[in-house]
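Below is one structure, written out as structure tokens, with a few remarks after it.
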Amino acid sequence: MMFDNYLKPVQGYELLPLRLVLGLAFLYTGIMKVLNPSMITDMLNGLGFPAPVFFAYVLMIVEIAGGAALILGLLTRFFSAALAIMLVVALFTVHIPVMSQGYALVVDFFKVLTIITGLIALFIAKPGKLSLDAKYRI
Numbered sequence: 001m002m003f004d005n006y007l008k009p010v011q012g013y014e015l016l017p018l019r020l021v022l023g024l025a026f027l028y029t030g031i032m033k034v035l036n037p038s039m040i041t042d043m044l045n046g047l048g049f050p051a052p053v054f055f056a057y058v059l060m061i062v063e064i065a066g067g068a069a070l071i072l073g074l075l076t077r078f079f080s081a082a083l084a085i086m087l088v089v090a091l092f093t094v095h096i097p098v099m100s101q102g103y104a105l106v107v108d109f110f111k112v113l114t115i116i117t118g119l120i121a122l123f124i125a126k127p128g129k130l131s132l133d134a135k136y137r138i
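All the letters of the sequence shown, read from the start, carry residue numbers 1 to 138 under our numbering.
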């Protein structure tokens with residue numbers, strides 16, 4: 001409509017900011033887990049997860065690989081789905097059970113839900129022109 005002519009040069013790049021921000025967030029959180037693996041292992045153990053060490057390393061790998069892949073636009077749909085599934089599990093095992101304990105925890109729930117929504121958008125949409133998926137037609 002009114003802005004269509006002005007926005008034509010950036011069509012195909014609509015989700016690039018979302019891809020970059022989510023990718024950086026997951027890359028950062030994955031690296032932080034690698035730097036302090038006992039933190040995530042202890043949390044998973046406290047939640048009653050079976051094999052907490054194994055799942056801690058799965059989380060680290062998925063977050064780092066997924067974050068890097070989103071930044072590069074590589075296998076965007078696969079990693080968007082993998083990260084969204086991981087966060088849905090976190091939502092039900094970590095965030096929802098503690099929501100009644102305070103406002104900040106409710107805000108955390110909505111932050112995670114917002115990230116899941118962004119990942120769903122990346123899963124549904126094309127990765128965009130500036131991506132390895134587009135370059136190699138993956």
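Just so it is clear, CB atoms sit at the ideal spot from N, CA and C, and this is done for glycine as well.
Could you tell me how far apart the beta carbons of T76 and R137 are, in whole angstroms, since I believe they sit closer than 8 Å?
With a beta-carbon spacing of about 13 Å, T76 and R137 fall beyond the 8 Å limit used to define contacts.
To test your reading of the DSSP string, which unbroken alpha helix (DSSP H) runs of 4 or more residues are found completely within the stretch 3-71?
For the stretch 3-71, the continuous alpha helix (DSSP H) assignments of 4+ residues that do not extend past its boundaries occur at 4-7, 16-35, 37-46, in sequence order.
Taking all protein chains shown into account, decide if L70 is buried (16 or more other Cβ within 10 angstroms of its Cβ) or exposed.
Buried, since its Cβ has 16 or more Cβ neighbours within 10 Å.
With a cut-off of 8 Å on the beta carbons, I'd call A82 and G66 a contact; round off their distance for me.
Rounded, the Cβ-Cβ distance is 6 Å, consistent with contact.
Within the same chain, show all residues whose beta-carbon is closer than 8 Å to that of D108, passing over the 5 residues directly before and after it, in chain order.
If we look at D108 and ignore the five residues flanking it on each side, its Cβ neighbours are H95.
Taking all protein chains shown into account, decide if F26 is buried (16 or more other Cβ within 10 angstroms of its Cβ) or exposed.
A buried status is given to F26, since no fewer than 16 other beta-carbon atoms sit within 10 Å of its beta-carbon.
Ordered along the chain, which non-local residues of its own chain (more than five positions away) have a Cβ less than 8 Å from that of L47?
Counting only Cβ-Cβ distances below 8 Å, and skipping sequence neighbours, we find T93, V94.
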